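Novice:
Residue numbers (my numbering): -10 to 281.
(1) Going residue by residue through the region 172 to 237, where are the continuous alpha helix (DSSP H) segments of at least 4 residues, counting only ones entirely within it?
(2) Along the chain, where does the alpha helix (DSSP H) containing residue 133 start, and where does it finish?
(3) Would you kindly check if the distance between the Cβ of residue 67 and the Cβ of residue 20 is under 8 Å?
(4) Let me make sure I understand the geometry here. Which of 268, 208, 46 and 200 has the alpha-carbon closest to that of residue 229?
(5) Provide the residue(s) that pair with residue 77 in DSSP beta bridges, ordered along the chain.
(6) Of all the options 274, 191 and 213, which has the alpha carbon lying nearest to the alpha carbon of residue 238?
(7) When the Cβ atoms of the region 156 to 165 are set against those of the region 117 to 135, are three or more pairs found closer than 8 Å?
(8) One question on the structure: do residue 115 and residue 58 come within less than 8 Å of each other, judged by their Cβ atoms?
(9) Can you look up residue 164 in the DSSP assignment and give me helix, strand or coil?
(10) Mark residue 262 as exposed unless 16 or more other C-beta atoms lie within 10 angstroms of its C-beta, in which case mark it buried.
(11) If you draw a straight line from the alpha carbon of residue 184 to that of residue 270, how long is it in whole angstroms?
(12) What's the gap between the Cα of residue 45 and the Cα of residue 61?
(13) Can you tell me whether residue 143 is buried or exposed, with buried defined as 16 or more other CB within 10 angstroms of its CB?
(14) Can you tell which of 8, 14, 281 and 3 has the C-alpha that lies nearest to the C-alpha of residue 148?
(15) I'd like to know whether the C-beta atoms of residue 36 and residue 73 end up nearer to each other than 8 Å.
(16) Give the range of the beta strand (DSSP E) segment to which residue 42 is assigned.
(17) Can you say whether residue 125 is buried or exposed, counting buried as having 16 or more other CB atoms within 10 angstroms of its CB?
(18) Suppose you measure from the CA of residue 250 to the CA of residue 191; what does that come to, to the nearest Å?
(19) Assuming residue 29 contacts residue 134 (C-beta within less than 8 Å), just tell me the rounded distance between them.
(20) Taking the alpha helix (DSSP H) that residue 264 falls in, what are its first and last residues?
Encoded structure:
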């Protein structure tokens, strides 16, 4: 499809001129084809998963992911069927009059209102992920904005602008913490997750429990884990179990059966198969080599 054929959303179609901001929480059905708009759009994923494209660049998303789409950028998304999102549409002048006709609003904000973060322009990406306490705080802000916009109490526009500036501050803090990687999703929670795996090698570790610990959809967590570490979660855990088993074989006199149990394998045959597949020798042969 040529760019001239793209659907274009105008301010008057989507935002009341007097309010300069609009918010909506909803569950999209299917997908939204590529389009552009003349306002800023902040998309926050409350639940589920899917994929967004901004200027043809794909961003897999799950709970905690936030996207910032500026005027003129192309945008499309596909839901996996259960994605719940909050859309915040903003007239650029609501934040800063300098943004009224800008197609690089995120960069202008970084260089003006949020200059203290000192973020190089080439490090600014339209996607951040919130996890843990940051996720809960971001969702409290977004829920507060939804309530203000829905109830419209006295001075609600002032309150909304305050909420929005705090949310933008959190966005720029998240960007500032990143190092420019296009896969920042596990950056802040990785040490905690990896340590949890190390500490629980003797028991069953499931994808669901790890995803829940950092507020991810399990399928999204699995996909991002593979992207970040170059292997799936099952392979990573198996390698850690066998590494620990190898250490115990070489440094202790524990029986092979006890070592197998200590690294989470109750099935001796499975332990032998995985050990030999990863290290090329059987546990018994490895112990003999270590003691010779």
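The beta-carbon is built from N, C-alpha and C at its ideal position, and this holds for glycine as well. These figures come from a predicted structure and were not determined experimentally.
Specialist: Let me lay it out:
(1) Listed in chain order, the complete alpha helix (DSSP H) runs (minimum 4 residues) inside the region 172 to 237 are 179 to 188, 196 to 202 and 207 to 218.
(2) Stepping through the chain shown from its first residue, residue 133 is reached at position 144. Bounds of the alpha helix (DSSP H) holding residue 133 are 121 to 140.
(3) For the purposes of this step, residue 20 is taken as the residue at position 31 of the chain shown. For the purposes of this step, residue 67 is taken as the residue at position 78 of the chain shown. Their beta carbons are under 8 Å apart, which means residue 20 touches residue 67 by this criterion.
(4) Translated into positions along the chain shown, residue 229 becomes position 240. For residue 229, the nearest C-alpha among the options comes from 268.
(5) Locating residue 77 in the chain shown gives position 88, counting from the first residue. Answer is 12 and 31, bridged to residue 77.
(6) As a first step, residue 238 is located in the chain shown; it is residue number 249 there, counting from the start. Here the closest residue by C-alpha is 274.
(7) Enough Cβ pairs lie closer than 8 Å, so yes.
(8) Within the chain shown, residue 115 is the residue found at index 126, counting from 1. Within the chain shown, residue 58 is the residue found at index 69, counting from 1. Their beta carbons are under 8 Å apart, which means residue 115 touches residue 58 by this criterion.
(9) Along the chain shown, one-based indexing puts residue 164 at 175. Correct three-state label for residue 164: helix.
(10) Locating residue 262 in the chain shown gives position 273, where the first residue counts as 1. When all chains shown are included, residue 262 counts as exposed.
(11) Taking the first residue of the chain shown as 1, we reach residue 184 at position 195. Taking the first residue of the chain shown as 1, we reach residue 270 at position 281. Answer to the nearest angstrom: the Cα atoms are 28 Å apart.
(12) To locate residue 45, count along the chain shown from 1; it is residue 56. To locate residue 61, count along the chain shown from 1; it is residue 72. In this structure, the CA atom of residue 45 is about 13 Å from the CA atom of residue 61.
(13) The residue you call residue 143 lines up with position 154 of the chain shown. So residue 143 counts as exposed.
(14) Residue mapping note: residue 148 aligns to position 159 of the chain shown, counting from 1. Of the residues 8, 14, 281 and 3, the one whose Cα lies closest to the Cα of residue 148 is 8.
(15) The residue you call residue 36 lines up with position 47 of the chain shown. The residue you call residue 73 lines up with position 84 of the chain shown. It is a contact, given that the beta carbons lie within the stated cut-off.
(16) Your numbering for residue 42 matches position 53 in the chain shown. Unbroken beta strand (DSSP E) run through residue 42: 38 to 43.
(17) Residue numbering aside, residue 125 sits at position 136 when the chain shown is read from its first letter. Residue burial annotation: residue 125 is exposed, with fewer than 16 other C-beta atoms found within 10 angstroms of its C-beta.
(18) The sequence position of residue 250 within the chain shown is 261, counting from 1. The sequence position of residue 191 within the chain shown is 202, counting from 1. When only Cα atoms are considered, residue 250 and residue 191 end up about 7 Å apart.
(19) Position 40 of the chain shown, counted from the start, is the residue given in the question as residue 29. Position 145 of the chain shown, counted from the start, is the residue given in the question as residue 134. Contact flag wrong, Cβ pair sits at about 14 Å.
(20) Position 275 of the chain shown holds residue 264. Here the alpha helix (DSSP H) through residue 264 covers 257 to 268.
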